[in-house]
Amino acid sequence: MFCLRLCLRLRLLPGTRVSDVSRHSAHKLASLHGATKLPPNKTQNLLYPFSGLEAYLDRSVDRTPFQLFHPSVEDMVNAEKLFNASPTHKIDYYVSAERMDHVPALRQPEVCFIGRSNVGKSSLIKALFSLTPEVEVRVSKTPMLVTKIDKCGHGTLLTNLLSLQEVVKTRTSCCFPQPLLVSSLQFLGIYLLRCFICHLTGSIRLTDTSQIRAEASD
4 MFCLRLCLRL
14 RLLPGTRVSD
24 VSRHSAHKLA
34 SLHGATKLPP
44 NKTQNLLYPF
54 SGLEAYLDRS
64 VDRTPFQLFH
74 PSVEDMVNAE
84 KLFNASPTHK
94 IDYYVSAERM
104 DHVPALRQPE
114 VCFIGRSNVG
124 KSSLIKALFS
134 LTPEVEVRVS
144 KTPMLVTKID
154 KCGHGTLLTN
164 LLSLQEVVKT
174 RTSCCFPQPL
184 LVSSLQFLGI
194 YLLRCFICHL
204 TGSIRLTDTS
214 QIRAEASD
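Take the working numbering: the last position of the sequence shown gets the number 221, and nothing is skipped along the way.
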């Protein structure tokens with residue numbers, strides 16, 4: 004297993020302004036601004052990937068476990084600010100370490116990406132920081148060799164999602180019970196994952212969405 008220890012400097016300094024990404028090298032869907040220009044159903048699917056699979060679930064299946072983390076678009080916008088570098092908000096490479104005993108002790112919150120080789124960890128990190136393309140994220144010579152999530156049909160993807168949720172429920176003790184669907188190639192779920200990371204590290208405070216959820220269920 005390969006473990007990447009990623010330290011995020013996610014503190015927005017006073018006076019930081021939000022602007023649309025104008026760098027030519029940034030992907031057109033790197034920002035929510037680009038995603039919202041798409042047709043509403045495509046935007047919804049990019050922001051909340053589970054919504055694209057919900058129609059394939061039987062009515063008897065409880066949707067709640069798939070929507071435990073369901074931030075508002077405003078929350079995602081606030082999270083996006085922290086992944087967009089500016090003169091007053093720096094995003095820097097910190098250090099590489101081959102072994103855990105080489106990793107310096109830090110006070111900042113840290114996020115760890117764990118997985119087998121060439122399954123898309125570096126590509127995922129590159130997509131997360133695509134708003135700051137000048138921050139180099141190295142990928143292998145054959146990036147995204149394993150792209151089954153981008154090629155399988157809705158039925159297979161939903162089956163795998165349910166199986167993964169069952170593994171989390173029965174074989175783990177501290178995993179977040181909601182799997183997050185993400186595609187580095189299509190930017191599916193990237194905005195949601197950014198928001199989840201910011202929420203997990205205490206970098207943003209989510210708005211109260213309980214009323215919105217209640218209205219949606221009526």
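For every residue, glycine included, the Cβ atom is placed at its ideal position computed from N, Cα and C.
State the start and end residues of the unbroken alpha helix (DSSP H) segment that holds residue i.
i      : result
ILE117 : Taken as a continuous stretch (DSSP letters only), ILE117 belongs to no alpha helix (DSSP H), being part of the beta strand (DSSP E) at 113-118.
ILE193 : 193-203
ASN121 : Note, ASN121: premise wrong, no alpha helix (DSSP H); not H, not E.
VAL140 : Counting along the chain, VAL140 falls outside any alpha helix (DSSP H), and DSSP gives it neither H nor E.
THR162 : 157-174
PRO43  : 43-50
VAL106 : Note, VAL106: premise wrong, no alpha helix (DSSP H); not H, not E.
VAL64  : Neither: VAL64 is in no alpha helix (DSSP H) and is coded neither H nor E.
LEU35  : 35-38
VAL80  : 76-84
On the criterion of 16 or more Cβ atoms from any shown chain inside 10 Å, does residue i qualify as buried, or is it exposed?
i      : result
PRO43  : exposed
LYS84  : buried
HIS92  : buried
LEU109 : exposed
TYR194 : buried
ALA100 : exposed
LEU203 : exposed
SER206 : buried
ASP104 : exposed
ARG208 : exposed
ILE117 : exposed
ASP95  : exposed
ARG26  : Reliability fails at ARG26, whose pLDDT of 45 lies under 50, so the model's placement of it is uncertain and the value that follows must be treated cautiously. Exposed is the call here.
ALA58  : exposed
LEU167 : exposed
GLY156 : exposed
ASP65  : exposed
Alpha carbons only, please: which of the options is nearest the one belonging to residue i?
i      : options                        : result
VAL140 : LEU32, LEU195, VAL98           : VAL98
LEU160 : VAL142, LEU183, SER176         : LEU183
VAL114 : LEU164, ARG197, ASP104, SER176 : ARG197
ASP61  : PHE179, SER187, CYS201, THR162 : THR162
SER125 : VAL142, PHE132, LEU131         : VAL142
ALA29  : GLN47, LEU56, PHE132           : PHE132
GLN189 : ASP95, LEU49, GLN181           : LEU49
ILE200 : GLU169, PHE53, VAL170, PRO112  : PRO112
LEU165 : CYS177, GLN47, THR67           : THR67
SER34  : GLN168, ARG174, VAL80          : VAL80
My understanding is that residue i touches residue j, with C-beta atoms under 8 Å, so please give their C-beta distance in whole angstroms.
i      : j      : result
LEU134 : PHE86  : 5 Å
SER75  : THR210 : 5 Å
ALA130 : SER187 : 4 Å
LEU192 : PRO52  : Reading off the sequence, residue 192 comes out as Gly, not Leu. Correct: roughly 4 Å between the Cβ atoms.
LEU71  : GLN181 : 4 Å
LEU127 : VAL170 : About 20 Å separates the two Cβ atoms, so there is no contact after all.
LYS45  : GLY37  : Not quite, the Cβ-Cβ distance comes to about 11 Å (not below 8 Å), so this is no contact.
For chain B, is any of its Cβ atoms less than 9 Å away from the one on residue i?
i     : result
ASN44 : No chain B is present in this structure, which holds just one protein chain.
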